[in-house]
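In the numbering used here, the protein residues as written are 5 to 181. Just so you know, even glycine gets a beta-carbon here, dropped at the ideal spot from N, CA and C. What you are looking at is a predicted structure, and each value in this text was computed from that prediction instead of being measured. Only one structure is covered here, and it is reproduced in the block below.
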Amino acid sequence: MRQSKEKANIKEFWKAFNIKIAIDIIRDTWNDVTQQCLNRVWKNIWPAVVNDFRGFAADEFISDARHEIAEMAKSGGFGQVDKENMAELLDSHREELSNEDHLELDRERHEEEEPMEENERPSPRVLMMKGMADVFKLLDGYLAFFDENDSNRERSAKVARLMKEANACFTELYREK
């Protein structure tokens with residue numbers, strides 16, 4: 005009974021709802037938006053137009069955050085880190101990099117990418133015949149186990165077929181050698 009009344013009320017509401025009511029709701033809601041809220045939004049979107057940002061005690065918030073970060077660093081094994089170190093590190097990331105800084109970072113990146121000396125290069129990866137044969141035996145044993153023990157023969161046959169299809173490129177490579 006109650007549900008049918010609610011449906012009737014909702015139906016009546018939507019029949020009576022119009023543009024004027026929607027505009028009134030928007031007007032009432034807009035009147036509840038504070039200057040502080042607008043400043044917070046515009047500070048993120050277009051900081052140059054916000055003259056006086058008063059949202060919360062930013063200095064206190066930042067100080068607390070630096071303290072928490074320092075404590076986490078200490079608990080993570082960086083015992084010598086304190087609030088001042090955190091302040092210095094975080095402030096350094098606030099500044100924009102100069103052209104010289106960008107060039108230096110680019111040079112460092114290129115130095116890291118330079119080819120290694122001959123003795124430092126990793127040896128090329130090679131598929132050895134014996135290793136491949138061992139893996140094929142393991143795979144056959146794996147498939148035989150499921151074929152012999154799975155009560156759903158269709159499932160084990162499907163798995164065997166898929167595994168053999170996936171392994172076909174290595175099987176072909178093994179036969180060529």
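Under 8 Å between C-beta atoms of LYS87 and HIS97: In the sequence shown, the residue the question calls residue 87 occupies position 83. In the sequence shown, the residue the question calls residue 97 occupies position 93. For LYS87 and HIS97, no; Cβs fall outside 8 Å.
Spatial neighbours of ALA26 in its chain, beta-carbon cut-off 8 Å, leaving aside the 5 residues before and after: Numbered from its first residue, the sequence shown carries residue 26 at position 22. So the list is empty, once near-sequence residues are dropped.
Neighbour-count burial assignment, ALA74, 16 or more Cβ in a 10 Å radius: If you number the sequence shown from 1, residue 74 lands on position 70. Result: buried.
Whole-Å CB distance - ALA170 paired with LEU147, under 8 Å assumed: Here residue 170 is taken as the residue at index 166 of the sequence shown, counted from 1. Here residue 147 is taken as the residue at index 143 of the sequence shown, counted from 1. Between ALA170 and LEU147, the beta carbon gap of about 12 Å keeps them out of contact (Cβ cut-off 8 Å).
Whether PHE174 touches MET133 by CB criterion (8 Å): Translated into positions along the sequence shown, residue 174 becomes position 170. Translated into positions along the sequence shown, residue 133 becomes position 129. In this structure, MET133 does not lie closer than 8 Å to PHE174 by Cβ.
Alpha carbon of LYS78 to alpha carbon of ALA69, nearest angstrom: The residue you call residue 78 lines up with position 74 of the sequence shown. The residue you call residue 69 lines up with position 65 of the sequence shown. Going from the Cα of LYS78 to the Cα of ALA69 covers about 14 Å.
Span separating the alpha-carbon of ASP151 from that of SER160: Here residue 151 refers to the residue found at position 147 when the sequence shown is read from its first residue. Here residue 160 refers to the residue found at position 156 when the sequence shown is read from its first residue. Whole-angstrom Cα-Cα distance: 6 Å.
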